[in-house]
């Protein structure tokens, strides 16, 4: 889906700039401002290298946003109970949901001091909340935007997969280790246990083929010196 | 694990305050400062209701941090290739890793303009990176902290599970719907298809028992009016 970030009645220009920056960090550029504060030098300073996002931000009424969008996502700093207006949709699932839909998804953030009003939340298709400590749940708006946009972006662009060494590579590494243990006269009755230990360590650390080669290079060097 | 956030050579006091705030948002309080800038009014303003985190921050040398910690986690804005110093550990897995270990985990953030030096990264057990758009990968330090701490916190405190209605509840709802379709003379040959459609919609939306009751209340009301 096309992601649009909508700031409704933002009060502090620095936050508008900071939100623009974090949008660009995660590859989003569609910023819409509903009745914003004035944007001056501080907004632009906080936007850093996201001046383009700030400069191309559209001014709209909330009605225009609601009419054009396919999915309205409200945000709230206070999650409500199940049946309430603020009953949250799991943030961890939002990215998956969006990756399966087509159209415009508008993520609404309310004013820093008040959040979205009940009237606006009423219009939202889903409401999300960043789960925080109960002791201090109020996040800065750009921090909340960072977490929500990260969460969406990471669900839509899965992490690069890492190629691990083959089982045969690992077997050869263990065989090589076993030979070195023999050459250094490591107590025979302890060898099996140590090898199993090393096997498990390798399994946990998900060695790549090149890492296996590096380790075997070290083993070969040990053998070379032992034989001198 | 006990999470400690370590800011190494932070340059802007506002960022130190903002990091303190986001730490408290996610329930963390151990802030360590290595060679920080002066912390004045702006740092305290950005910390908002996390004054305690800022006030109890410890000043340490990097050496002291390295000696006391069980796991040193470096952060970098630029992920490196596999074999390099900046080869990142998957952020999505870090929280799980931490939840399975005991001791102190120190998350190091470098200076805003330079990040952690190669010398410091060399000391780190793992390096993490927030995956960003290649067009603008440089995040504000407090935004990066927000994402990383959120990621850790959400892995260590799993989301509340939602109780969905029983299959029998849903069957009764569908049966009730079927009766209403009959009463309104909905074309018989289309009923099965519509009911299946509704069944799938219910399945996707994970109705709670109380939501099923609400919907059945509406159906009963329809029947009541039809029979008048």
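Residue numbers (my numbering), protein chains in the order written: chain A, 1 to 228; chain B, 229 to 456. Beta carbons: idealized from backbone N, C-alpha and C, even for Gly. All of these numbers come straight from a predicted model, not from anything done at the bench.
Residue 258 of chain B versus residue 247 of chain B - alpha carbon distance: If you number the second chain from 1, residue 258 of chain B lands on position 30. If you number the second chain from 1, residue 247 of chain B lands on position 19. Distance between the alpha carbons of residue 258 of chain B and residue 247 of chain B is about 11 Å.
Below-8 Å beta-carbon distance, residue 223 of chain A vs any chain B residue: Within the first chain, numbered from 1, the residue matching residue 223 of chain A stands at position 223. No, no contact with chain B.
Coil, strand or helix - residue 250 of chain B by DSSP: Counting from one through the second chain, the residue named residue 250 of chain B turns up at place 22. Helix at residue 250 of chain B.
Bridge-paired residues (DSSP) for residue 260 of chain B: In the second chain, counting from the first residue as 1, residue 260 of chain B sits at position 32. Answer is B/234, B/286, bridged to residue 260 of chain B.
The stretch 46-62 of chain A in contact with the stretch 10-28 of chain A per 3-pair CB rule at 8 Å: yes
Where the alpha helix (DSSP H) through residue 383 of chain B begins and ends: Here residue 383 of chain B corresponds to residue number 155 of the second chain, with the count starting at 1. First-last of the alpha helix (DSSP H) with residue 383 of chain B: 369-384.
Reduced DSSP category for residue 431 of chain B - H, G, I as helix; E, B as strand; rest coil: Here residue 431 of chain B refers to the residue found at position 203 of the second chain. If DSSP states are grouped into helix, strand and coil, residue 431 of chain B belongs with the helices.
Check: residue 278 of chain B C-beta below 7 Å from any heavy atom of the ligand GTP: Here there are no bound small molecules, and the ligand GTP is not part of this structure.
Those residues which DSSP pairs with residue 227 of chain B across a bridge: Examination of residue 227 of chain B is not possible in this model, given that chain B is present from 229 through 456 alone.
Start-to-end residues for the beta strand (DSSP E) that takes in residue 401 of chain B: The residue given as residue 401 of chain B occupies position 173 in the second chain. Premise fails: residue 401 of chain B lies in the alpha helix (DSSP H), 395-411, not in any beta strand (DSSP E).
Residue 189 of chain A burial status per 10 Å Cβ neighbour count (16 or more: buried): One-based indexing of the first chain puts residue 189 of chain A at position 189. Exposed, because fewer than 16 other Cβ atoms sit within 10 Å of the Cβ of residue 189 of chain A.
The stretch 90-104 of chain A touching the stretch 138-157 of chain A, judged by at least three CB pairs closer than 8 Å: yes
Contact set between residue 249 of chain B and chain A, taken where Cβ atoms lie within less than 7 Å: As a first step, residue 249 of chain B must be located in the second chain, where it is residue number 21. What residue 249 of chain B touches in chain A: 140.
Short CB-CB distance (under 8 Å) between residue 89 of chain A and chain B: Reading the first chain from its first residue, position 89 is the one you call residue 89 of chain A. Taking Cβ atoms only, chain B never reaches closer than 8 Å to residue 89 of chain A, which makes this a no.
Cβ of residue 199 of chain A within 8 Å of any chain B Cβ: On the first chain, position 199 is the one that residue 199 of chain A refers to. So, not an interface residue.
Proximity below 8 Å, CB of residue 264 of chain B to CB of residue 305 of chain B: Your numbering for residue 264 of chain B matches position 36 in the second chain. Your numbering for residue 305 of chain B matches position 77 in the second chain. In this structure, residue 305 of chain B does not lie closer than 8 Å to residue 264 of chain B by Cβ.
Cα-Cα separation, residue 300 of chain B to residue 367 of chain B: Your numbering for residue 300 of chain B matches position 72 in the second chain. Your numbering for residue 367 of chain B matches position 139 in the second chain. Distance between the alpha carbons of residue 300 of chain B and residue 367 of chain B: 21 Å.
Bridge partners - residue 343 of chain B, DSSP secondary structure assignment: Position 115 of the second chain, counting from 1, holds the residue named residue 343 of chain B. Answer is B/339.
Closer than 8 Å to chain A by CB, residue 340 of chain B: Taking the first residue of the second chain as position 1, residue 340 of chain B is located at position 112. False, the Cβ-Cβ gap to chain A never drops below 8 Å.
Below-8 Å beta-carbon distance, residue 56 of chain A vs any chain B residue: Position 56 of the first chain, counting from 1, holds the residue named residue 56 of chain A. It does not; no Cβ of chain B falls within 8 Å.
Nearest neighbour of residue 282 of chain B, chosen from B/252, B/307, B/309, B/294 [CA to CA]: The residue labelled residue 282 of chain B in the question sits at position 54 within the second chain. Nearest option by C-alpha distance: B/252.
Straight-line Cα distance separating residue 233 of chain B from residue 262 of chain B: Walking along the second chain from the start, residue 262 of chain B turns up at place 34. Walking along the second chain from the start, residue 233 of chain B turns up at place 5. Rounded to the nearest angstrom, the two C-alpha atoms are 11 Å apart.
As assigned by DSSP and simplified to three states, the class of residue 306 of chain B: Taking the first residue of the second chain as 1, we reach residue 306 of chain B at position 78. In this structure, residue 306 of chain B counts as coil in the three-state DSSP scheme.
Between the CA atoms of residue 135 of chain A and residue 297 of chain B - distance to the nearest angstrom: Here residue 297 of chain B corresponds to residue number 69 of the second chain, with the count starting at 1. Here residue 135 of chain A corresponds to residue number 135 of the first chain, with the count starting at 1. Their Cα atoms are separated by approximately 26 Å.
Cβ neighbours of residue 102 of chain A in the same chain (closer than 8 Å, five flanking residues each side left out): For the purposes of this step, residue 102 of chain A is identified with residue 102 of the first chain, where counting begins at 1. Here the set comprises 1, 70.
Contacts that residue 360 of chain B makes with chain A (C-beta to C-beta distance below 7 Å): Residue 360 of chain B sits at position 132 when you count from the first residue of the second chain. Here the neighbours are 25, 26.
Which of helix, strand or coil DSSP assigns to residue 362 of chain B: Here the question's residue 362 of chain B lines up with position 134 in the second chain. In this structure, residue 362 of chain B counts as coil in the three-state DSSP scheme.
Buried or exposed (CB count within 10 angstroms, at least 16 for buried), residue 163 of chain A: Counting from one through the first chain, the residue named residue 163 of chain A turns up at place 163. Exposed, because fewer than 16 other Cβ atoms sit within 10 Å of the Cβ of residue 163 of chain A.
Chain B contacts from the stretch 6-19 of chain A (Cβ-Cβ distance under 8 Å): 18
Helix, strand or coil at residue 438 of chain B according to DSSP, with G and I counted as helix: Mapped onto the second chain, residue 438 of chain B falls at position 210. It is helical.
Span separating the alpha-carbon of residue 227 of chain A from that of residue 184 of chain A: As a first step, residue 227 of chain A must be located in the first chain, where it is residue number 227. As a first step, residue 184 of chain A must be located in the first chain, where it is residue number 184. Between residue 227 of chain A and residue 184 of chain A, the C-alpha separation is close to 11 Å.
Run of the alpha helix (DSSP H) containing residue 321 of chain B, from where it starts to where it stops: Walking along the second chain from the start, residue 321 of chain B turns up at place 93. Note, residue 321 of chain B: alpha helix (DSSP H), 319-327.
Residue nearest to residue 337 of chain B in terms of C-alpha spacing, selected from B/249, B/369, B/359: The residue you call residue 337 of chain B lines up with position 109 of the second chain. Residue 337 of chain B has its Cα closest to that of B/369, out of B/249, B/369, B/359.
Distance between beta carbons of residue 11 of chain A and residue 112 of chain A, contact taken as under 8 Å: What you label residue 112 of chain A is simply residue 112 of the first chain in a count that begins at 1. What you label residue 11 of chain A is simply residue 11 of the first chain in a count that begins at 1. Yes, residue 112 of chain A and residue 11 of chain A are in contact; Cβ-Cβ is about 5 Å, under 8 Å.
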